[in-house]
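Taking it in order: structure first as structure tokens, then the write-up.
2 protein chains.
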Amino acid sequence: MEANKLVIYNTLNRQKETFSPIHPPHVGLYVCGPTVYGDAHLGHARPAITFDILFRYLKYLGYKVRYVRNITDVGHLENDADEGEDKIAKKARLEQLEPMEVVQYFTDRYHQNMDELNVLKPSIEPRASGHIIEQQELVRKIMKNGFAYESDGSIYFDVEKYSQQYPYGKLSGRVVEELLNTTRDLDGQQEKKNSFDFALWKKAKPEHIMRWPSEWSDGFPGWHLECSAMSTKYLGESFDIHGGGMDLLFPHHESEVAQSTAANGHESVKYWMHNNMITINGQKMGKSLGNFITLEEFFSGNHALLEKAYSPMTVRFFILQAHYRSTVDFSNEALQASEKGLERLMQAMSKLDSMKPAGQSSVNLPEILEKCFAAMNDDLNTPILISYLFELVKLINSVSDGKQEISEADLQSLKLNMHLLVHDILGLKTPSKTENQAEDLNEVMNLLLQLRVDAKNKKDWETADKIRKELTRLGFTIKDTKEGFEWSK
Amino acid sequence: MEANKLVIYNTLNRQKETFSPIHPPHVGLYVCGPTVYGDAHLGHARPAITFDILFRYLKYLGYKVRYVRNITDVGHLENDADEGEDKIAKKARLEQLEPMEVVQYFTDRYHQNMDELNVLKPSIEPRASGHIIEQQELVRKIMKNGFAYESDGSIYFDVEKYSQQYPYGKLSGRVVEELLNTTRDLDGQQEKKNSFDFALWKKAKPEHIMRWPSEWSDGFPGWHLECSAMSTKYLGESFDIHGGGMDLLFPHHESEVAQSTAANGHESVKYWMHNNMITINGQKMGKSLGNFITLEEFFSGNHALLEKAYSPMTVRFFILQAHYRSTVDFSNEALQASEKGLERLMQAMSKLDSMKPAGQSSVNLPEILEKCFAAMNDDLNTPILISYLFELVKLINSVSDGKQEISEADLQSLKLNMHLLVHDILGLKTPSKTENQAEDLNEVMNLLLQLRVDAKNKKDWETADKIRKELTRLGFTIKDTKEGFEWSK
Numbered sequence: 003m004e005a006n007k008l009v010i011y012n013t014l015n016r017q018k019e020t021f022s023p024i025h026p027p028h029v030g031l032y033v034c035g036p037t038v039y040g041d042a043h044l045g046h047a048r049p050a051i052t053f054d055i056l057f058r059y060l061k062y063l064g065y066k067v068r069y070v071r072n073i074t075d076v077g078h079l080e081n082d083a084d085e086g087e088d089k090i091a092k093k094a095r096l097e098q099l100e101p102m103e104v105v106q107y108f109t110d111r112y113h114q115n116m117d118e119l120n121v122l123k124p125s126i127e128p129r130a131s132g133h134i135i136e137q138q139e140l141v142r143k144i145m146k147n148g149f150a151y152e153s154d155g156s157i158y159f160d161v162e163k164y165s166q167q168y169p170y171g172k173l174s175g176r177v178v179e180e181l182l183n184t185t186r187d188l189d190g191q192q193e194k195k196n197s198f199d200f201a202l203w204k205k206a207k208p209e210h211i212m213r214w215p216s217e218w219s220d221g222f223p224g225w226h227l228e229c230s231a232m233s234t235k236y237l238g239e240s241f242d243i244h245g246g247g248m249d250l251l252f253p254h255h256e257s258e259v260a261q262s263t264a265a266n267g268h269e270s271v272k273y274w275m276h277n278n279m280i281t282i283n284g285q286k287m288g289k290s291l292g293n294f295i296t297l298e299e300f301f302s303g304n305h306a307l308l309e310k311a312y313s314p315m316t317v318r319f320f321i322l323q324a325h326y327r328s329t330v331d332f333s334n335e336a337l338q339a340s341e342k343g344l345e346r347l348m349q350a351m352s353k354l355d356s357m358k359p360a361g362q363s364s365v366n367l368p369e370i371l372e373k374c375f376a377a378m379n380d381d382l383n384t385p386i387l388i389s390y391l392f393e394l395v396k397l398i399n400s401v402s403d404g405k406q407e408i409s410e411a412d413l414q415s416l417k418l419n420m421h422l423l424v425h426d427i428l429g430l431k432t433p434s435k436t437e438n439q440a441e442d443l444n445e446v447m448n449l450l451l452q453l454r455v456d457a458k459n460k461k462d463w464e465t466a467d468k469i470r471k472e473l474t475r476l477g478f479t480i481k482d483t484k485e486g487f488e489w490s491k
Numbered sequence: 003m004e005a006n007k008l009v010i011y012n013t014l015n016r017q018k019e020t021f022s023p024i025h026p027p028h029v030g031l032y033v034c035g036p037t038v039y040g041d042a043h044l045g046h047a048r049p050a051i052t053f054d055i056l057f058r059y060l061k062y063l064g065y066k067v068r069y070v071r072n073i074t075d076v077g078h079l080e081n082d083a084d085e086g087e088d089k090i091a092k093k094a095r096l097e098q099l100e101p102m103e104v105v106q107y108f109t110d111r112y113h114q115n116m117d118e119l120n121v122l123k124p125s126i127e128p129r130a131s132g133h134i135i136e137q138q139e140l141v142r143k144i145m146k147n148g149f150a151y152e153s154d155g156s157i158y159f160d161v162e163k164y165s166q167q168y169p170y171g172k173l174s175g176r177v178v179e180e181l182l183n184t185t186r187d188l189d190g191q192q193e194k195k196n197s198f199d200f201a202l203w204k205k206a207k208p209e210h211i212m213r214w215p216s217e218w219s220d221g222f223p224g225w226h227l228e229c230s231a232m233s234t235k236y237l238g239e240s241f242d243i244h245g246g247g248m249d250l251l252f253p254h255h256e257s258e259v260a261q262s263t264a265a266n267g268h269e270s271v272k273y274w275m276h277n278n279m280i281t282i283n284g285q286k287m288g289k290s291l292g293n294f295i296t297l298e299e300f301f302s303g304n305h306a307l308l309e310k311a312y313s314p315m316t317v318r319f320f321i322l323q324a325h326y327r328s329t330v331d332f333s334n335e336a337l338q339a340s341e342k343g344l345e346r347l348m349q350a351m352s353k354l355d356s357m358k359p360a361g362q363s364s365v366n367l368p369e370i371l372e373k374c375f376a377a378m379n380d381d382l383n384t385p386i387l388i389s390y391l392f393e394l395v396k397l398i399n400s401v402s403d404g405k406q407e408i409s410e411a412d413l414q415s416l417k418l419n420m421h422l423l424v425h426d427i428l429g430l431k432t433p434s435k436t437e438n439q440a441e442d443l444n445e446v447m448n449l450l451l452q453l454r455v456d457a458k459n460k461k462d463w464e465t466a467d468k469i470r471k472e473l474t475r476l477g478f479t480i481k482d483t484k485e486g487f488e489w490s491k
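These protein sequences, in sequence, are chains U and Z. Our numbering puts the first residue of the first sequence at 3, with every later residue one more than the last. Our numbering puts the first residue of the second sequence at 3, with every later residue one more than the last.
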């Protein structure tokens, strides 16, 4: 590992490796996006934010990144019990809607949530349903190479045959011999040679709405296929980074590796990256556990488990306060601590502009900044970065209070780097101008009403009356209280 | 035509007809969306707003509307000279980008512009590139029925043969005999039987990036095909309304009619609706004329022809002040007049909440409201509706000034219907709370600084100093000028 170079943990080799793209300065990045048959929750926010940080940091490092994040809108076969049932089509049947109408609705809502979290839009956001031809071509390639078989109109990937030639289980660490000895007789899927074979193409049942013609049957592609097809189409047969949640490691990503290798004779991904999972009050998130909180519920506070609303930036900051490979536990206490921390950070940011240089700096700023970037280079260690940012917050506060000094050159560098690290790389937004205006209005109103109290105390009735009269004309309601005053509009 | 029923002008029959959906209460609406190889301009805003009004009004009338608006991201063959050159692939080659990256970029920007204009999202927004299989199936159907022929890997629609059986030119009024006698020898397109035959499938040149396999060639679908394929997929072989700009009438919509009829043996659309065109200072809009103004330029004012920025709501209101079948000429004068009108309307809206009922109404409110809805029922006559809204603005202002009275029942009805007509049906947004805060801040600051001037005039230096000092502490800069004062933050 070289110093001052980005190092990332490669799930494939289970170690940190210096990042070195295949075709510099270009970087190809593929991340598994949402299945759009429900509202986005924390399990969607974490990978989106994790790989947003990677996207932002790679761009900061000067790479030209093509970031592809897909929309799964068809053929999500989640497990054997569910197999053959396309989740989205199921939901659509229940709601008497066209599946694509459900897809559009939840895609639009997902986009809104991502915008709120300040997650940058990917370069390309392909839909699985828009790449059926590419997926069919991939099936043909795998069949031609002998790693898939047809059974009653469906095509299955032959895991046993593949594993005789390639190391199946390489990515997830699953041992194929073990898989081979499991309950193949019990699962009742007569079509398959082995229970762990997975569908590349599935014949549609008569009631299945989403279907496309093929030489095998009217049907739809298996879930794993779309990511192999779309990553190849937009990033090439070999590309740099594939990301996703750890829950996708098996079977989804393992199947992707097998599909690409079976089709091309070589693996396609140089670095596999996986973010860890989220728990809520120590429990796994699940609809049946009643702790399934959507992002919208977090932002509005409208859920029994939430004591209050948490802004998108609080949620983002909270997620960044843990390293992406650690688990994160959401609780009201933890979120409120993050909220306060973010407020302190943002208050310091707002003081930057009015800071004045004087004398010599009392801290070694270049050294702290170097540590900030070293943290990012060390597998995107955002919690360490944030701890150094709080050292800088202390510096900003003491200089502002006149307790410490900062040189002209250091002040310039501090402003530049705080903006770069907080806004550009961590993607934390300063409350917008309009949010500031609300705060300004509040401050100015308080000042004005205090003047009215002063005037009354001085028996300057003319001024006191003028203030009340003018504010009333502008539509404000002024109320005198024991503590002083209240206002509303 | 029945009274109190929606009547729309049907381009197909060149007359106003009472709207009667095929499967009430469901309504299928298809509108041609943008070709995403450049920023959206007024030519995109007008159809989007026109059919947004239709979408909103149909929903108000109680219909369950499935509104499909496509994204053209491939195969836009604009004319013979351009034929075979996919516009998007061309742009992508120039910019050394993957075509889908260009598509994503301009699609995202289009969505942002539409959100700013308060255009509701359609129920389904299908992409042409995502429906290649459906388009290929349609080609096969048309070939099977004998209305298309293959020529060097491309498939063309046989207009002459079609016109022997069906009335080609029915929608646009073009006379096929005339087309048949035109310059067929001169156009040099040796592949076609007739110059006016159009491509259903086009063989891709070697350098063409966007391509898909087919039994005819590796290629891409013709532009007209996507709308026939996607409208059928999501709305059925027969559906209610197809909309678009008048510039699409020929050849695009005429070709759609021919394709659907050739495939199914019957027409698919019951009502064709077309919005008229926009001129700028009396001239046609065009890149070469230097009067090509994007929506973003309108909203920022950043274009040589614009005297100032015009808010999205001003642009929307301006478009609605003309009937959709009339031409509209954009000029700074006209936009500024709309801006003032919208301000008057919105000021009246903000007075509604504080209005007090008293005695008997001095106007016949139900009669005016009836005229409002009659205007909407008369082929969405928004300019007439707006003229009645201004009668109601007058009423609101005189009641607020105590010059007229309004009964309790009428006041209730007025509030309800103004909200319904202005916000829900016309889609005009009241400036958001945050925009109001900016205005409030401005007003309160002016009041505060006027108090400071008063204090100085009264030689009350203590108060004058306190105001300046406190505002400075809050980060404001105060400047005394000849006219009084200026402030900034």
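All C-beta atoms in this analysis are idealised placements derived from N, C-alpha and C, irrespective of residue type, glycine included. All of these numbers come straight from a predicted model, not from anything done at the bench.
Of all Cβ atoms in chain U, is any one closer than 8 Å to the Cβ of residue i?
| i | result |
| --- | --- |
| R95(Z) | Reliability fails at R95(Z), whose pLDDT of 35 lies under 50, so the model's placement of it is uncertain and no value is given. |
| P27(Z) | no |
| L8(Z) | no |
Between residue i and chain Z, is there a C-beta pair that is closer than 8 Å?
| i | result |
| --- | --- |
| D110(U) | yes |
| V67(U) | no |
| T465(U) | yes |
| M420(U) | no |
| E127(U) | yes |
| T20(U) | no |
| L443(U) | yes |
| Y236(U) | yes |
On the DSSP bridge assignment, give the partners of residue i in chain order.
| i | result |
| --- | --- |
| H43(U) | T296(U) |
| F487(U) | D482(U) |
| H28(Z) | H25(Z) and K66(Z) |
| R16(U) | Bridge partners of R16(U): none, in fact. |
| S400(Z) | BP columns for S400(Z) are empty, so no partner. |
If you check the beta carbons only, do residue i and residue j fall under 8 Å apart?
| i | j | result |
| --- | --- | --- |
| R176(Z) | E127(Z) | no |
| P385(Z) | H325(Z) | yes |
| W218(U) | G155(U) | yes |
| S270(Z) | S262(Z) | yes |
| W274(U) | H254(U) | no |
| D75(U) | S125(U) | no |
| R48(U) | G247(U) | yes |
| Y32(U) | F300(U) | no |
| I134(U) | I144(Z) | no |
| V38(U) | I73(U) | yes |
| Q406(U) | S415(U) | no |
| L453(Z) | L453(U) | yes |
On the DSSP letters alone, give me the boundaries of the alpha helix (DSSP H) that residue i sits inside.
| i | result |
| --- | --- |
| Q362(U) | Q362(U) -> no alpha helix (DSSP H), and no H or E assigned at all. |
| G247(U) | Taken as a continuous stretch (DSSP letters only), G247(U) belongs to no alpha helix (DSSP H), being part of the beta strand (DSSP E) at F241 to G247. |
| F108(U) | P101 to E118 |
| I427(Z) | No alpha helix (DSSP H) holds I427(Z); DSSP gives it neither H nor E. |
| S233(U) | W225 to L237 |
Can you name the start and end residues of the beta strand (DSSP E) that residue i belongs to?
| i | result |
| --- | --- |
| A466(U) | Unbroken run through A466(U) is the alpha helix (DSSP H), W463 to R475; no beta strand (DSSP E). |
| S415(U) | Not the beta strand (DSSP E): S415(U) falls in the alpha helix (DSSP H), residues E410 to M420. |
Which ranges does the alpha helix (DSSP H) cover as unbroken runs of at least 4 residues, wholly within the stretch 168 to 222 of chain Z, from first to last along the chain? 178 to 182
Can you list the beta strand (DSSP E) stretches of 3 or more residues lying completely in the stretch 255 to 283 of chain Z, in chain order? 271 to 277 and 280 to 282
What are the complete alpha helix (DSSP H) segments, minimum 4 residues, inside the stretch 288 to 340 of chain U? 297 to 302 and 314 to 322
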